[in-house]
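Trainee: According to our numbering, the residues represented by the sequence shown are 874 to 1458, in order. Yeah, the Cβ is synthetic: ideal placement off N, Cα and C, and Gly gets one too.
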Amino acid sequence: MLIDTDILIIGAGLSGVGFAIRLQQKYPLVTYEVYEKAEELGGTWWFNTYPGCACDVPSHLYSYSFALNPEWSTQFAPRAEIEAYCRSVADKYDIPRHITFRSTVQGATWDEASGTWSVRILDQQTEKVYKRRSRVLISAVGLLSEPNDCEIPGAQDFTGKLFHSARWDHSFDWAGKDVVVIGNGCSATQFVPILSADPGKARSVVQFIRQPHWLEERPNPRYSDATKWIFRNIPLAMRLFRLAIFLYLESYFITFNRRAGKKIREKKMKAQTAYLKRTAPEKYYEALIPKIELGCKRRVMDTAYLACLHRENMELVHADPIECITATGVRTQSGREVNADAIVLATGFKATQFLFPLEIKGEHGVSITEHWQNTPTQVPHAYYSTCISSFPNFFILHGPNTATGHTSVIFTAECQINFALKVLDPILCPLHLSTTTNIGPLSHSPSQSSLRFPSFLTRSRSIRNRNPSSSSQNTSIPPKPSPPWAQQQHRPRNRHKHRHPRIVTVTPEAEARDASWIARASEKYVWTSGCASWYLHPSGRNTTLYPGSQVRFWWRSVRGPRRVDFVYRGCEEKEPGSTGKRGLK
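1) In three-state terms, what does DSSP make of L834?
2) If we call anything under 8 Å between Cβ atoms a contact, is L1304 one with V903?
3) Assuming G1221 and A1213 make a contact with CB atoms under 8 Å, what is their CB distance in whole Å?
4) Who does A927 pair with in a DSSP beta bridge?
5) When you compare only the Cα positions, how much space is there between I883 and H971?
6) If we count the other Cβ atoms within 10 Å of its Cβ and call it buried at 16 or more, is V1052 buried or exposed?
7) Helix or strand or just coil, what does DSSP make of Q1251?
8) Which of the three DSSP states, helix, strand or coil, is assigned to N1274?
9) Tell me whether N1130 sits in a helix, a strand or coil according to DSSP, three-state version.
10) Using a Cβ distance threshold of 8 Å, determine whether the stretch 926-946 contacts the stretch 1008-1015, with at least three qualifying pairs required.
11) From D877 to R1005, what does the alpha carbon distance come to, in whole angstroms?
12) State the DSSP-derived secondary structure class of L1010, mapped to helix, strand or coil.
13) Using 10 angstroms around the beta-carbon of H1086, count the other beta-carbons present and answer buried if the total reaches 16, otherwise exposed.
14) How many Å lie between R1436 and R1425 at the Cα?
15) Decide if W1358 is buried, meaning its Cβ has at least 16 other Cβ atoms within 10 Å, or exposed.
16) As a quick exercise: from A1028, S1069, A1147 and L1270, pick the residue whose alpha carbon is nearest that of I1162.
17) Restricting to runs no shorter than 4 residues, where is the alpha helix (DSSP H) found entirely within the stretch 1191-1251?
18) Roughly how many whole angstroms lie between the Cα atoms of L1122 and P1154?
19) Do the stretch 1128-1142 and the stretch 1388-1401 touch if we need at least three Cβ pairs shorter than 8 Å?
20) Which value, in whole angstroms, describes the spacing of the CA atoms of G1073 and W983?
21) Residues in its own chain within less than 6 Å of H860 by CB, not counting five upstream and five downstream?
22) State buried or exposed for R1375, treating a residue as buried only when at least 16 other CB atoms are found within 10 Å of its CB.
23) So, using beta-carbon positions, are S1263 and V1296 closer together than 8 Å?
24) Residues in the same chain with beta-carbon distance under 8 Å from T1100, minus the five sequence neighbours each way, listed in chain order, please.
25) Helix, strand or coil, according to DSSP, for D1298 in the structure here?
26) Identify every run of the beta strand (DSSP E) within the stretch 930-1007, keeping only runs that are complete inside it and at least 3 residues long; order them along the chain.
27) Rounded to a whole number of angstroms, what is the C-alpha to C-alpha distance between R1151 and Y1178?
28) Between S991 and the rest of its own chain, which residues show a CB-CB distance below 7 Å, the 5 nearest in sequence each way excluded?
29) Determine whether the beta carbon atoms of I1283 and Y958 lie at a separation below 8 Å.
30) Please tell me whether I1216 and T1205 are closer than 8 Å, where the distance is taken between their beta carbons.
31) With a cut-off of 8 Å on the beta carbons, I'd call I1103 and A1110 a contact; round off their distance for me.
32) What separation, rounded to the nearest whole angstrom, lies between the Cα atoms of G1033 and T1199?
33) Closer than 8 Å is the cut-off here; do at least three beta carbon pairs connect the stretch 891-898 with the stretch 920-935?
34) First and last residue of the beta strand (DSSP E) that includes I1082?
35) Within a Cβ cutoff of 7 Å, which residues of the same chain sit near Y1408, ignoring the five residues on either side of it in sequence?
36) If the criterion is Cβ atoms closer than 8 Å, does the pair E1232 and Q997 meet it?
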């Protein structure tokens, strides 16, 4: 069966772009396509355009290790700067030509006979659904891509503007208007000070909160021209600075440990309570000082939020929750009517509904949701947070237990990318050497380093001695001759007698063992100490955070997968014009 591309990537955010770059660096002749539902690349930094949107991780760490940026303006970069960085890196590596925008991937089904994924894609412009077939499927949709729905009764009756902060309605001019804000997480603490400030301030901003967060003071110094010059011109200066940031943030991880971090948490909670009392109005102390452990919910960095609560047009409501939304605003449980021209939902994302709303079906037509429901824990999990048994050639970036509460998710994504490419190496190496392809090879020059197989697959009868087969014989593009170094190391052979692996699957035993470790390790940390958090599955289990340091996460990806944890095999497939079946023997 013909394929359309070797690898199909869902999502053109920082993780999807990062995978594409690393893929073409190591396997320049392997074809790939990226499908993005938005009009541009950037992922969460394209969708989140609310006023004041910025990163809460230092910019020099919130970037690719292979594309350091000496031009960051501040320690914590604003959204527009991060989006521009993502675009510039993608342009540098010519990634956009592989991306199809305004295309929503609806789902994918594994075809065992051909060993390929059939992916259903909705063209948003024509509203037609079409299919693409690939050998490997990569999900790079991210954790914070789908906003939570409004679950308050009466939302359909509201006559004003109602929108989620992650889908900000820029047609709404809040100057002189009454605004109701629901939620007090990272996003709300960034845009509320802007809504309530001159010039063009709202007439009133009434913010409803349920459970307060611990707020940490966050200065945001600018980088001087001299500092930028040093980063540009002095070798290793920027990389050492990045390493120092990583180690500093990594030292914060012990705070989450219930026992080892207890005294540290007590000290930090005392300091943050003192900061709150210095900055916020006394009347809001009860509403703002958390009753939960530090680290149970994601920490929130404060730049101007607490100070803005002194403004006359600001009101914080904690003890009188919203009962319903009315045509003109909201009604609280006490019966109070609060008028609003707009209601802004800062209520978070469907972080524990992994891959939502994609419908991915693996072996025997079983969906991922069904697969997880049939496991002992009945919660999402993945081997090394990346692979799922019964879903061959499928890898998730930012899957279960990949998030961190203290450092850069880009670092995590790069670890996953390197791990996935190690697992795929026995499959991609022969494809990289293939002489024909449906799409046509990339123009980059191959390097001999891409011929190395991972040590965990080394055996006496080495796979690397098998002759690579082409990805397709039926193509409208003339075959490109193999480069001289490939011809020397791989002499032409009968491609029907020498097979290479086409399919890889993690074993159920390895997946279950890893899930068991995640569950045990999570109990050591404050995330499961009793607060309501997007870290936790509705069952109360941690399905979002990695219960270990990022040094450990990195080491697992560097050490590579255990050979016994994966099954490599061929596939049964009829060659065009042939009657025999193909398979690894």
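Mentor: So, from the listed chains and residues:
1) The chain is shown from 874 up to 1458; residue 834 falls before or after that span and cannot be answered.
2) yes
3) That pair is no contact at about 20 Å.
4) P951
5) 12 Å
6) buried
7) coil
8) coil
9) strand
10) no
11) 6 Å
12) strand
13) buried
14) 19 Å
15) With a pLDDT of 32 at W1358, under the threshold of 50, the predicted position of this residue should be treated as unreliable, though the coordinate-derived value follows. Burial call: exposed.
16) A1147
17) 1241-1246
18) 30 Å
19) yes
20) 53 Å
21) The chain is shown from 874 up to 1458; residue 860 falls before or after that span and cannot be answered.
22) buried
23) no
24) none
25) helix
26) 976-984 and 989-996
27) 13 Å
28) A981, T982, D984, K1004 and R1006
29) no
30) no
31) 5 Å
32) 10 Å
33) no
34) Note, I1082: premise wrong, no beta strand (DSSP E); not H, not E.
35) W1400, N1415, T1417 and L1418
36) no
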